[in-house]
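Once you know that position 10 of the sequence shown is 10 in my numbering, the rest is easy, because the numbers rise by one and skip nothing.
Yeah, the Cβ is synthetic: ideal placement off N, Cα and C, and Gly gets one too.
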Amino acid sequence: MSDPAKVRRHAERVRELVASVVRSQIKDPRLGMITITDARITGDLRDATVFYTVLGDAAAQAGTAAALESAKGMLRSTVGKALGLRHSPTLTFVLDDVQDQVKHIDDLLVQARTADAEVQRIAARADYAGEAQPYRLDEDGEEDGDAEARDDDETPPRGGDTR
1 MSDPAKVRRH AERVRELVAS VVRSQIKDPR LGMITITDAR ITGDLRDATV
51 FYTVLGDAAA QAGTAAALES AKGMLRSTVG KALGLRHSPT LTFVLDDVQD
101 QVKHIDDLLV QARTADAEVQ RIAARADYAG EAQPYRLDED GEEDGDAEAR
151 DDDETPPRGG DTR
């Protein structure tokens, strides 16, 4: 296993190299508006996964995937030469669907806000389940337990002992 810092440096270099080659050397007409978002490489530096996004619909994504698959050999040889490793890492391209996940999360947040607003609207019209004052009051307006406690405090002690 290699040093984690070395693995991160190589992964970043793979991302930069693939982005550069895709921009300058691949002339495939199926290749759409592509952005290389990330690259990850295994600890033994033999397998690299490259994440990309494509601007457009499913047809553009499928065309870009096919173009990357056909250019995989050239990309692998370029990356292998530039990294100077004993073995060139195999490249796997994965469509990064972050934008779809962001849209889904935004939709869920909108649903949650709508549900919260509905709960607030219902709560504003709500009444108590019972009476507004659920405790019984004496004729003096004091609660039952308070009147007995005050009567006990005011009575003098019995007997001659007043310590």
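- In this structure, the alpha-carbon of Leu-85 lies about 12 Å from that of Arg-76.
- If you check the CB distance, Asp-28 and Ala-65 do not come in under 8 Å.
- Contact between Asp-38 and Asp-106 is ruled out by a C-beta separation of about 22 Å, above the 8 Å threshold.
- Check the Cα spacing between Thr-90 and each of Tyr-52, Met-74, Val-119: the tightest is with Met-74.
- In the pairwise beta carbon analysis, the region 41-52 is classified as not touching the region 119-127: fewer than three pairs are separated by under 8 Å.
- The beta carbon of Lys-72 lies closer than 7 Å to those of Leu-91 in the same chain, with the five residues before and after it left out.
- Val-94 is positioned such that its CB atom lies closer than 8 Å to that of Phe-51.
- Here Leu-55 carries a strand assignment [DSSP, helix/strand/coil].
- In the DSSP assignment, Thr-114 falls within the unbroken alpha helix (DSSP H) covering 98-125.
- As computed with DSSP, Asp-38 is found in a beta bridge with Phe-51.
- Inter-residue distance for Ser-24 and Val-18 is about 10 Å (C-alpha atoms, whole angstroms).
- Closest by C-alpha distance to Val-98, out of Ser-20, Ile-36, Ser-2, Pro-4, is Ile-36.
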